[in-house]
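A short write-up of the structure that comes next.
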Amino acid sequence: MIEIKNVVKLYGDKKALNRVSFTVGKGEIFGFIGHNGAGKTTLIKAICGILDFDEGRILIDGKSIKDDPIACKKEMAYVPDAPELYEDMKAISFINFVCDMYDVSAEARGQNIERFAKIFGMQDELNNVIKSFSHGMKQKVALIAALAHNPKILIMDEPFVGLDPKAIFDMKELMKDIVKNGGTIFFSTHILDVAEKLCDRVAIVKNGKIVKVGDMKEIRGDKSLEKVFLELEAK
Amino acid sequence: MSKLFSLLKATMSEGVQLFNYRAKDERSKRAMPILLALLVGIAMFFSVNAMMAELKEDGAESAVLSLYTIVTAVIIVTEGIYKSSDLLFRPRDNDALLAMPIKKSTIVSARIIKFYLFEMLYCLIFLLPAIIAYAMNVDVEISYYLVAMTMLLIVPIIPITISCIMGLIISAASSKFKHKTFLQIVLSFAALFVFAILILMVNGVSDFDGRSIIAVSDKITEFYYPAAAFANLVTNFDIGQYLILIVINLAVLIVTIFIISRFYFQIITRINVVKHAEKTKTKYIFTKHGQVFAVVKKELIKYFNTPVLLMNTAIGLVLFIVVVGALCLKFDDIAASLMATTEDFPLTLDEMRAYLPSVTFALVAFASLMTFITSTMISLEGGAFNLLKSLPISGKKVIMSKVLAAMLLIVPVTALGSIAMFVRFQFGILDMILILIAVVVIPLVTELIGILINLKYARFDAESDAVTVKQSASVVISTFLGLGMVLVAISLTFAAVFFAGQAAGLAMMNAVFVVIAMYLYFAVATWGKERYSKLAA
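Chains as they are written, first to last, in the numbering used here: chain A, 1 to 235; chain D, 1001 to 1537.
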């Protein structure tokens, strides 16, 4: 579903991404782990077509994000790390705006929005302006907007930050449900316990380079993911 | 004091950052705003210098200093009134600063000093040319340089304190109500209106025939002490008066900081309370729209919820409405007073009436070219720009939707104003068609230029919308460019009408604007699209 081949991203002379390569298969929950400033958000932005990159290729379902960005973006949904949304809009207007971008029919969006709003406990909140929401509520609005068009690939940058415990639980269940139905999830996180329990595969990035990638069981061995990560960081 | 200095350094570096393009390929961008400011300053210098020649004959050269002191002060107050509420009370770093062990008066001082430093730009553009022109035309003493330098530093103080107090009153009043933004806009317009009336009423400034600079200067010095003191100190330096002038300005500043600090916390608290709708089992409406409609709607919501943007871009349109209204209601009186200004006025009343289509065309050009709404539309996306870029909509469509949204704000106003002129003065069909073409084409040119400037100078890291709207490189460039374009367009319109006749002249101008619009559209479709794809918040 997502093929990342030798991607290089330069910020001036600094290599934020240094020949990053891996593949995320259909129906996988793929965790992307790394220290602060390792390059996680940069790669996520590159995959979503937000940030241009200098070398390499990123293919979404066989299509290049550089050559055919619109077709790639139609397959994906992006949830940013900080929910910087359109603060003056009502939540429902914002979600409708995102649905309009994906050409979602009125009927389909109605069903999806009501379903996901219920899951995140937002069904009676969507008529409020976004700036009146807490961080967690904004995150939930971003998630509802991302899920409302049934994306094949869900890309999330630190999706659990700011969510309350129930929402985190519901989010994890939802992620499992999405992959069960053939979807693919790629997300970055610092919460290693969650990644360990949730992810089928994982990549660990350090200073822009992938230092480990593979099946969770393979990477972890008989240690915890936290231990593996800390050992790699110490090297 | 050290906290104030540190805070000022931090906030200033953030403000200056908007002009700081450090990447190798972006360094040239620093030059454009400086170059345009310099051009306006030079143009001001030549106009002051010409004025000096007339004043020299009457031995009243110092009048120019009083005049430009008040011009600078009026400009700072006018644009400060609607900017101060946002700059003082709505910066994004309020929460972080209020959580720190810093006195509120220190935070307020830093905000006001930053405001003051940015307003210095107007001193450099309007007052400095007058100071230089005076020094070049009059045999000045060494004390002149001391007084002139001091004036450059203190002239913005009283205007910004007036703006800040008005901002305080507007924020305090609007923060009590549910529809804070709407009330802030209404009160800001009301404050501007009151200020304009006061300026016209003080000692009968409106009674002037506009020809006597000395008379204007004399009247100014009667009601605005710094302007009077400047002229006095230049012609007759007195250390006592010099010190009084400085002390008065500093005292006004300190009292203002004290007053604002007193209410700062309460106002910020009230501003941040957003009325949360009741939890109700609402039936949501799900309607499908096209991408362009959705982006336009989003832009209009942003526009009407950003008072500083609305105020900043509505001034040209408000002036258009006022002038069109005055012409429709009082044309004969206006024409008569114009004809009375000189004995050999070149036009009769009927001839002036015959040229009204050109005047309407020029007014449309003025209102449209002064209204650069798109020049901040990319930057105002802020962090949400990344989200927009992740959506399956092409860069070109986003850009053109923003242009369309801006045009939807301008065209109805200029179209209705033009139609009022058509009806009142019975324009011919051809004139009406030519004006209506201008109503669409000129704002299209303006907004395409605006969006291209913003694409080149986009910054997503401003501390508040007010900083993006009033102090970003993109806005500085579009403001100066707009002024230049207004002058060129109006001059060319009347030149074309004079040489080729009214209909042919207006048709030629429309043709020029159409060609420019086509070129700009091509630039958006190529460079603009490419640039959009490279931007990220």
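Just so you know, even glycine gets a beta-carbon here, dropped at the ideal spot from N, CA and C.
Can you check whether the CB of G1482 (chain D) is closer than 7 Å to the CB of F1372 (chain D)?
-> yes
From D:A1196, D:A1415, D:K1003 and D:V1323, pick the residue whose C-alpha is nearest to that of V1071 (chain D); which is it?
-> D:A1196
Using a beta-carbon distance below 7 Å, is K15 (chain A) in contact with chain D?
-> It does not: the Cβ of K15 (chain A) has no partner Cβ on chain D nearer than 7 Å.
Would you mind working out which of D:V1423, D:V1441, D:A1536 and D:I1271 sits nearest M1508 (chain D), comparing C-alpha positions?
-> Closest in C-alpha terms to M1508 (chain D), from the list D:V1423, D:V1441, D:A1536 and D:I1271, comes D:V1441.
Does K206 (chain A) get closer than 7 Å to chain D when you measure Cβ to Cβ?
-> no
Can you name, in chain order, every residue of its own chain whose Cβ lies under 7 Å from the Cβ of V1324 (chain D), other than the five neighbours on each side?
-> L1363, G1417, A1420 and M1421
Straight-line Cα distance separating L1349 (chain D) from L1329 (chain D) = 16 Å
Do L1055 (chain D) and V1147 (chain D) come within 7 Å of each other at the CB atom, strictly closer than that value?
-> no
Could you give the distance in angstroms between the alpha-carbon of A1251 (chain D) and the alpha-carbon of L1243 (chain D)?
-> 12 Å
6 Å CB neighbourhood of V1296 (chain D) in its chain, flanking five on each side removed | So the list reads S1401, L1404 and A1405, once near-sequence residues are dropped.
Secondary structure of A1537 (chain D), DSSP reduced to three states | coil
Endpoints, alpha helix (DSSP H) assigned at M1421 (chain D) = G1395 to F1425
So what's A77 (chain A) in DSSP terms, helix, strand or just coil?
-> strand
Pull out every residue of the stretch 47-77 of chain A whose Cβ sits closer than 7 Å to any Cβ of chain D, in chain order.
-> C48, G49, I50, L51, D52, I70, K73 and K74
Residue ranges of each beta strand (DSSP E) run of no fewer than 3 residues wholly in the stretch 36-72 of chain A, ordered along the chain?
-> 55-60
What residue range is occupied by the uninterrupted beta strand (DSSP E) comprising A16 (chain A)?
-> K14 to V24
Please go through the same chain and pick out, in chain order, the residues whose beta-carbon is closer than 6 Å to the beta-carbon of K1534 (chain D), but skip the five residues on each side of it.
-> none
Return no unless some Cβ of chain D is closer than 7 Å to the Cβ of Y86 (chain A).
-> yes
Can you check the stretch 1230-1275 of chain D for any alpha helix (DSSP H) of at least 4 residues that lies completely inside it and give the ranges in chain order?
-> DSSP runs (the alpha helix (DSSP H)) wholly in the stretch 1230-1275 of chain D: 1239-1272.
Please state whether DSSP places K209 (chain A) in a helix, a strand or coil.
-> The DSSP-derived three-state label of K209 (chain A) is strand.
Pick from D:K1114, D:A1063 and D:K1397: whose alpha carbon is nearest that of L1007 (chain D)?
-> D:K1114
Does F97 (chain A) come within less than 7 Å of chain D when only Cβ atoms are used?
-> yes
How about I1378 (chain D) and L1455 (chain D): are their beta carbons less than 7 Å apart?
-> yes
Answer yes or no: the CB of N1236 (chain D) versus the heavy atoms of the ligand NAP, is any distance below 6 Å?
-> Absence of the ligand NAP is noted for the structure shown, with no ligands found whatsoever.
Consider the Cβ of G183 (chain A): report whether some Cβ of chain D lies at a distance smaller than 7 Å.
-> Not closer than 7 Å to any Cβ of chain D, the Cβ of G183 (chain A) fails to qualify, so no.
Report buried or exposed for A1537 (chain D), applying the criterion of at least 16 other Cβ atoms within 10 angstroms of its Cβ.
-> buried
State the Cα-Cα distance for the pair V1524 (chain D) and A1517 (chain D), rounded to the nearest angstrom.
-> 10 Å
Please list, in chain order, all residues of the same chain as K227 (chain A) whose beta carbon is under 7 Å from its beta carbon, the five residues on each side excluded.
-> none
Flag A1462 (chain D) as yes if its beta-carbon sits less than 7 Å from any beta-carbon of chain A, otherwise no.
-> no
So, do the stretch 1117-1125 of chain D and the stretch 1148-1164 of chain D have three or more beta carbon pairs nearer to each other than 8 Å?
-> yes
Looking at the structure shown, is V1292 (chain D) part of a helix, part of a strand, or coil, going by DSSP?
-> In the structure shown, V1292 (chain D) sits in a helix (DSSP, three-state: H, G or I).
Minimum C-alpha distance to S1002 (chain D) - residue among D:A1110, D:V1074, D:Y1532 and D:L1253 = D:A1110
Classify K1298 (chain D) as buried or exposed, calling it buried when 16 or more other Cβ atoms lie within 10 Å of its own Cβ.
-> Residue burial annotation: K1298 (chain D) is buried, with at least 16 other C-beta atoms found within 10 angstroms of its C-beta.
Sort out for me which residues DSSP pairs R201 (chain A) with in a bridge.
-> A:F30 and A:D215
What's the call for S1337 (chain D), buried or exposed, on a 16-neighbour Cβ count within 10 Å?
-> Counting Cβ neighbours within 10 Å, S1337 (chain D) comes out exposed, since fewer than 16 surround it.
Any idea if G1316 (chain D) is buried or exposed, counting beta-carbon neighbours within 10 angstroms, 16 or more meaning buried?
-> buried
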